[in-house]
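Visitor:
Residue numbers (the numbering used here): 16 to 243.
What follows is the structure in structure tokens.
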């Protein structure tokens, strides 16, 4: 079932980049959108995404954990003090990331990718979603980029972040604080260039900062569909 727009809310999603990759001969195409609190109705509809249906082989406890990460991303994305990206493929959302600048650090507060149909996880989705955040971090005054990785994530989050240049910096029994810096991010971006083609839609790199060119607001209900 496709969820449709139900009112006349003024949406402001901005299509900032396209990305594509080919893994084992299979091509995957992504679109990345910057979203704001004015996209709240679409974010509300994303709460209906059933991760249990999309990942039927996953343990129920792991589904609950991943669903809480998704819900936190949807909550942070509507906060005016935070900025967020939405990842989509085949006209369906497949990831969300939300971040906030805090003094000398840039903090990723939620980072979640998910299949677009049962058992169809998209290759390099996480690496694609974090790329514009890396670019914005490089242009910011913040010295470090940090996140808290779940130690018992169903998708081996810590190993993924290590591959993206983050270092383990301690934490609690449940989460690991991970940190990277601008030199490491520059090295990681070079590696990502070998894995995907990334094309900003706007001049200026398409990061979290304000766009440098006027661009048309998009209604995500016209751009994407949510299957539940």
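Don't be surprised by glycine CBs; every beta carbon is placed ideally from N, CA and C. Keep in mind it's a predicted model, so treat the numbers as computed, not measured.
Alpha carbon to alpha carbon, how far is residue 242 from residue 64?
Guide: The count along the chain shown starts at 1 and reaches residue 242 at position 227. The count along the chain shown starts at 1 and reaches residue 64 at position 49. When rounded, the distance between both Cα atoms is 7 Å.
Visitor: Quick one: what does DSSP say residue 173 is sitting in, helix, strand or coil?
Guide: As a working note, residue 173 is residue 158 in the chain shown. Here residue 173 sits in helix by DSSP.
Visitor: My output table needs one value for residue 91: the three-state DSSP class, helix, strand or coil.
Guide: Here the question's residue 91 lines up with position 76 in the chain shown. The answer is helix: DSSP assigns residue 91 an H, G or I state.
Visitor: Please name the residue, chosen from 140, 68 and 175, that lies closest to residue 133 on a Cα-to-Cα basis.
Guide: In the chain shown, residue 133 corresponds to position 118, counting from 1. With distances taken between Cα atoms, residue 133 lies closest to 68.
Visitor: Pull up the CB-CB distance for residue 170 and residue 200, whole angstroms please, since I reckon it's below 8 Å.
Guide: Here residue 170 is taken as the residue at index 155 of the chain shown, counted from 1. Here residue 200 is taken as the residue at index 185 of the chain shown, counted from 1. Actually they do not touch by this definition, with Cβ atoms about 22 Å apart.
Visitor: When the Cα atoms are used, what is the spatial distance from residue 6 to residue 196?
Guide: The requested residue 6 is not part of the displayed model; the chain covers only 16 to 243.
Visitor: Put residue 193 into one of helix, strand or coil per three-state DSSP.
Guide: Within the chain shown, numbered from 1, the residue matching residue 193 stands at position 178. Note: residue 193 maps to strand in three-state DSSP.
Visitor: Do residue 213 and residue 107 count as a contact pair if the criterion is CB distance below 7 Å?
Guide: Here the question's residue 107 lines up with position 92 in the chain shown. Here the question's residue 213 lines up with position 198 in the chain shown. The answer is no: Cβ separation not under 7 Å.
Visitor: When the Cα atoms are used, what is the spatial distance from residue 247 to residue 40?
Guide: Residue 247 is absent from the structure shown; the chain starts at 16 and stops at 243.
Visitor: For the beta strand (DSSP E) containing residue 140, name the first residue and the last one.
Guide: On the chain shown, position 125 is the one that residue 140 refers to. Here residue 140 belongs to no beta strand (DSSP E); instead the alpha helix (DSSP H) covers 140-153.
Visitor: Give me, in chain order, the residues of the same chain whose beta-carbon lies closer than 7 Å to that of residue 84; leave out the 5 immediate sequence neighbours on both sides.
Guide: Residue mapping note: residue 84 aligns to position 69 of the chain shown, counting from 1. Excluding sequence neighbours, residue 84 sits near 125 and 127.
Visitor: So does residue 242 have its beta carbon nearer than 6 Å to some heavy atom of the ligand GDP?
Guide: Ligands are entirely absent from the displayed structure, and the ligand GDP is therefore not among its contents.
Visitor: Let's see if you can read the secondary structure: which residues bound the alpha helix (DSSP H) around residue 236?
Guide: As a working mapping, residue 236 is identified with position 221 in the chain shown. First-last of the alpha helix (DSSP H) with residue 236: 235-238.
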